[in-house]
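>
Numbering (this note's numbering), first residue to last: 349 to 496.
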């Protein structure tokens with residue numbers, strides 16, 4: 349198994365806000381909303397970063413659950429972020445633009461709350477997107493719970 353690989357993304361930017369991003373045989377559009385002079389064809393760059401955290405939490409969560417031998421079922425993940433806009437408005441340089449993230453993960457499988465807490469602890473150790481945010485100084489408040 350390779351321990352280091354090269355990830356590759358190419359973007360064709362047809363305007364000040366639209367980026368057609370490609371990797372492998374996939375494409376997505378990153379854009380700004382109309383009120384910020386975009387065309388609203390896709391997630392903003394910041395939305396994309398937060399959605400990557402949700403996707404990574406799901407993938408690494410299932411890997412960790414499998415490693416621990418527990419069934420977490422399907423996950424519903426909510427990501428809410430307090431974002432400091434001073435940097436993106438060019439008002440002032442900001443060291444930590446993503447100030448605080450509330451990450452709520454709801455599992456519908458037959459997992460116990462204690463098992464789910466163990467999965468959450470493992471995900472915190474291995475999720476590269478969570479590590480990226482935390483390494484940049486973002487506080488991530490995680491709430492992993494069973495579905496009602």
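C-beta: ideal position from N, C-alpha, C; glycine also. As the structure is a computational prediction, the values presented were derived from the model and not from experiment.
#1: Mind checking residue 362: buried by the 16 CB within 10 Å criterion, or exposed?
#2: Excluding five sequence neighbours on each side, which residues of the same chain lie with their C-beta closer than 8 Å to the C-beta of residue 459?
#3: So, does the region 394-406 touch the region 477-484, judging by three or more C-beta pairs under 8 Å?
#4: When you compare only the Cα positions, how much space is there between residue 469 and residue 482?
#5: Considering only residues of the same chain and omitting the five flanking positions on each side of residue 396, which have a CB-CB separation below 7 Å?
#6: What's the call for residue 486, buried or exposed, on a 16-neighbour Cβ count within 10 Å?
#7: Would you list the residues sitting across from residue 378 in a DSSP beta bridge?
#8: What ranges does the alpha helix (DSSP H) occupy inside the region 407-494, keeping only unbroken runs of at least 4 residues that lie completely in it?
#9: Quick check: does the Cβ of residue 496 come within less than 8 Å of any heavy atom belonging to the ligand ZN?
Working from what's here:
#1: Indexing the chain shown from 1 puts residue 362 at position 14. Exposed is the call here.
#2: Counting from 1 along the chain shown, the entry for residue 459 is found at position 111. These residues qualify, in order along the chain: 413, 418, 419, 420, 421, 467, 494.
#3: yes
#4: Within the chain shown, residue 469 is the residue found at index 121, counting from 1. Within the chain shown, residue 482 is the residue found at index 134, counting from 1. Cα-Cα distance, rounded: 14 Å.
#5: Walking along the chain shown from the start, residue 396 turns up at place 48. Closer than 7 Å at Cβ, skipping near neighbours: 378.
#6: As a working mapping, residue 486 is identified with position 138 in the chain shown. Its Cβ being crowded by 16 or more others within 10 Å, residue 486 is buried.
#7: If you number the chain shown from 1, residue 378 lands on position 30. DSSP output for residue 378 lists 367, 391 as bridge partner(s).
#8: 461-474, 476-483
#9: In the structure on display, the ligand ZN does not appear, and there are no ligands present to speak of.
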